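A short write-up of the structure that comes next.
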Amino acid sequence: MDTDVLRSTAPVPARTATLPADEGWWRTAVIYQVYVRSFADGNGDGVGDLAGVRARLGYLKSLGVDALWFNPWYRSPLADGGYDVQDYRDIDPRFGTLEEAEQLIAEALALGIRTIIDIVPNHISDQHEWFQRALAAGPGSPERERFWFHPGRGENGDGIPTNWVSSFQGETWTRTRNPDGTPGEWYLHLFTPEQPDLNWNHPDVRREHEDILRFWFDRGVAGVRIDSAALPVKDAALPDLPPGSAPAIGHPHIDRDELHDIYRDWRAVADEYEGERVLVGEVWLEDAERFARYLRPGEMHTAFNFGFMTQPWSAQAMRDSITRTLAEHAPVGAPATWVLSNHDVTRPATRYGRADSSFAFDRKRFGTPTDAARGRERARAAALLVAALPGSLYIYQGDELGLPEVELPLDAIEDPMHFRSGGVDPGRDGCRVPLPWSGTATPYGFGGTPWLPQPGDWAPLSVDAQEHDPASTLNLYRAAIALRRDVEDLAEGGFSWLELGADVLAFRRGDGVLSITNLGPTPVPLPAHHEVLLASTPLDGALPPDSTAWLALRPLPERAGGAHH
Ligand code: NOJ
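In terms of numbering that gives the first Met the number 0, the sequence shown opens at residue 0 and continues consecutively.
Shown next as structure tokens:
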């Protein structure tokens with residue numbers, strides 16, 4: 000038995016697609032996040048699947064996106080929506096087959112759309128072969144060394160080994176039973192007990208992940224999104240944390256310096272392939288300098304900009320965050336990323352309609368009052384604001400439809416974050432409700448009875464309903480993506496702020512385009528311009544509150560796509 004890697008790298012499949020060579024594609028790409036389970040259901044069982052995505056590739060093409068990022072699609076018990084991977088080299092049967100994934104990658108590429116997949120290095124599923132073998136092998140076995148098994152404190156070993164707190168609240172250790180049924184060692188899990196942490200000091204763990212990268216790069220995948228990228232390495236001494244301590248240099252399980260060796264190795268693997276395969280990090284770190292270290296040459300290509308995503312609807316907060324973002328990326332030569340939401344956070348159309356419009360995991364509550372109309376307007380304005388900024392852009396599925404966060408009935412919620420909070424936090428399922436495609440009642444063309452219930456008032460938000468309405472959010476996104484690609488100043492022009500008042504965010508791209516967002520309570524006169532390229536709301540000479548306009552300051556050269564909206 001090969002104990003180093005579960006399966007050695009398969010020969011390159013004949014169907015490996017050739018990726019286009021356009022260098023630096025990821026620097027300005029528009030990347031659409033597909034939460035497969037909730038995108039489209041091809042076989043009518045109420046769970047989104049790869050057949051559903053393949054059937055809707057035309058939709059994604061018409062949206063104009065350059066790449067798709069798929070949340071984990073691997074075989075998994077779905078204890079944490081697939082972030083508990085049981086087998087990296089297979090697709091979960093609820094989503095489809097490996098062959099379908101290969102077809103999907105190739106079909107998307109044929110439309111000019113690249114595929115990015117999720118890799119979850121910090122942990123695997125407790126049902127993964129490695130963990131099952133480790134449990135069976137017992138204390139002191141080499142199988143256990145791939146994880147963090149540890150005796151408990153105290154005479155009976157019933158004291159928890161460290162006081163570390165889970166990202167999902169609660170304790171980070173679970174006690175096992177020995178093969179003979181007696182209470183045994185504990186194992187570390189920064190998330191749920193179904194997600195045991197891997198030991199990244201172990202060479203098997205390193206080799207296995209490099210092999211997984213090759214497995215998928217061989218199949219034409221253009222990049223990986225690295226889950227919880229600042230967490231995998233642990234201080235092997237397992238020290239306790241002083242109570243209330245924030246992440247800091249030397250923290251036992253956040254942002255350890257040794258992580259950079261891992262990502263340099265991964266980068267070397269990615270660079271073995273033609274067509275620029277990219278590493279995108281999920282790096283939640285307050286410290287700008289520590290964050291930027293992940294983006295140094297030879298490490299990751301980009302990382303999510305959560306600093307901006309968590310800002311409230313405030314000109315000053317957003318201006319400061321944009322300035323900080325551009326400044327922290329400049330020294331390492333990496334492009335910024337712009338992210339309004341993802342599968343973990345409150346939908347912008349809801350968040351921006353709340354008194355506290357910033358985002359923090361520990362402040363989510365049921366029944367938070369929301370001005371839905373205001374939230375919708377602001378989310379449209381924010382979409383244009385970020386689409387005008389230099390760097391790459393992420394769109395979480397459904398944001399292009401202006402979907403709100405759904406307050407689900409308690410018995411529908413599956414997210415462990417909800418349960419581990421003692422039911423106080425609604426969890427993340429409210430942004431994971433299956434998409435409405437057509438029709439006037441649930442399942443709105445999604446497929447079978449959706450695994451999470453859809454609200455009864457989503458008919459006007461469906462793709463079909465928005466398709467032919469020129470003022471719809473869907474068409475706003477389409478127009479913005481097309482302009483961003485076709486207007487050279489927006490695609491590549493330099494960035495400079497313009498001072499148009501404390502409540503206004505205005506900046507120039509190149510010398511031809513001005514983006515202006517009004518975050519204040521009164522209309523703002525539009526500065527002199529040649530043409531309004533796009534606006535999030537109808538204009539009559541002034542920019543209303545909660546809206547963004549893109550202005551051409553001079554006649555722009557004929558654009559590749561011809562008429563733009
Ligand atoms: C971050 C992912 O985005 C989230 O959905 C997941 O629960 C955790 N990492 C753990 O993998």
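Cβ atoms here follow ideal geometry from the backbone N, Cα and C, with glycine treated the same way.
This structure is a prediction, so every number in the text was calculated from the model and none was measured.
For residue i, three-class secondary structure by DSSP
i, result
"Thr-39", "Just to set this straight, residue 39 is Ala in the shown sequence, not Thr. Here Ala-39 sits in coil by DSSP."
"Arg-346", "coil"
"Phe-148", "strand"
"Ala-100", "helix"
"Arg-276", "coil"
"Trp-549", "strand"
"Gln-609", "Beyond the ends of the chain as shown, which are 0 and 564, falls residue 609; an answer cannot be given."
"Val-223", "strand"
"Pro-182", "strand"
"Ala-372", "helix"
"Asp-410", "helix"
"Ala-245", "coil"
"Gly-158", "strand"
"Ser-166", "coil"
"Ala-440", "coil"
"Ala-541", "strand"
"Phe-94", "coil"
"Pro-524", "strand"
"Ile-480", "helix"
"Phe-445", "coil"
"Pro-330", "helix"
"Leu-59", "helix"
"Tyr-351", "coil"
"Gln-396", "coil"
"Asp-217", "coil"
"Ser-320", "helix"
"Gln-131", "helix"
Beta-bridge partners of residue i, as assigned by DSSP
i, result
"Thr-114", "Leu-67"
"Asp-86", "Arg-74"
"Ile-515", "Ala-505 and Ala-548"
"Thr-336", "Ser-391"
"Arg-174", "Trp-185"
"Glu-530", "Ala-551"
"His-122", "Asp-196"
"Ala-302", "Gly-280"
"Ser-495", "Arg-507"
"Val-423", "In DSSP, Val-423 forms no bridge with anything."
Cβ neighbour criterion (16 or more within 10 Å) applied to residue i
i, result
"Ala-386", "buried"
"Gly-23", "exposed"
"His-529", "exposed"
"Ser-140", "exposed"
"His-467", "exposed"
"Gln-315", "exposed"
"Gly-455", "exposed"
"Phe-365", "exposed"
"Trp-496", "exposed"
"Arg-419", "buried"
"Val-223", "buried"
"Ala-354", "exposed"
"Val-531", "exposed"
"Gly-332", "exposed"
"Asp-48", "buried"
"Asn-341", "buried"
"Val-523", "buried"
"Pro-120", "buried"
"Asn-70", "buried"
Any chain C beta carbon closer than 7 angstroms to residue i
i, result
"Pro-311", "Absence of chain C from the displayed structure is noted, only one protein chain being present."
Contact test: residue i Cβ vs the ligand ATP heavy atom, cutoff 6 angstroms
i, result
"Ile-480", "Here the bound small molecules are the ligand NOJ; the ligand ATP is not part of this structure."
The segment 377-386 / the segment 54-66 touching (three or more Cβ pairs under 8 angstroms): no
Any 3 or more C-beta pairs closer than 8 angstroms across the segment 228-238 and the segment 130-141: no
Stretch pair the segment 310-329 + the segment 279-298: three plus CB contacts closer than 8 angstroms: Contact holds: three or more Cβ-Cβ distances are below 8 angstroms.
Validate contact between the segment 35-52 and the segment 432-446 using beta carbons, cut 8 angstroms, 3 pairs: yes
Residues passing the C-beta test against the ligand NOJ heavy atoms, cut-off 5 angstroms: Chain order is used for the residues whose beta-carbon lies nearer than 5 angstroms to a heavy atom of the ligand NOJ, namely Asp-79, Tyr-82, Phe-190, Asp-226, Ser-227 and Asp-343.
Segment contact, 8 angstroms Cβ cut-off, at least three pairs: the segment 426-440 with the segment 391-406: yes
Stretch-stretch touch, CB-based, cutoff 8 angstroms, three pairs: the segment 508-528 with the segment 543-550: yes
Touching by the beta-carbon criterion (3+ pairs, under 8 angstroms), the segment 108-127 and the segment 68-80: yes
Stretch-stretch touch, CB-based, cutoff 8 angstroms, three pairs: the segment 194-201 with the segment 89-96: no
Sufficient close CB pairs (3 or more, under 8 angstroms) joining the segment 200-216 to the segment 81-90: yes
Validate contact between the segment 154-161 and the segment 254-273 using beta carbons, cut 8 angstroms, 3 pairs: Counting C-beta pairs with one atom in each stretch, the segment 154-161 and the segment 254-273 have fewer than three that are closer than 8 angstroms, which means they do not touch.
The segment 302-313 / the segment 278-287 touching (three or more Cβ pairs under 8 angstroms): yes
Validate contact between the segment 502-512 and the segment 405-425 using beta carbons, cut 8 angstroms, 3 pairs: Too few Cβ pairs lie closer than 8 angstroms, so no.
Meets three-Cβ-pair contact criterion under 8 angstroms: the segment 155-169 and the segment 112-119: no
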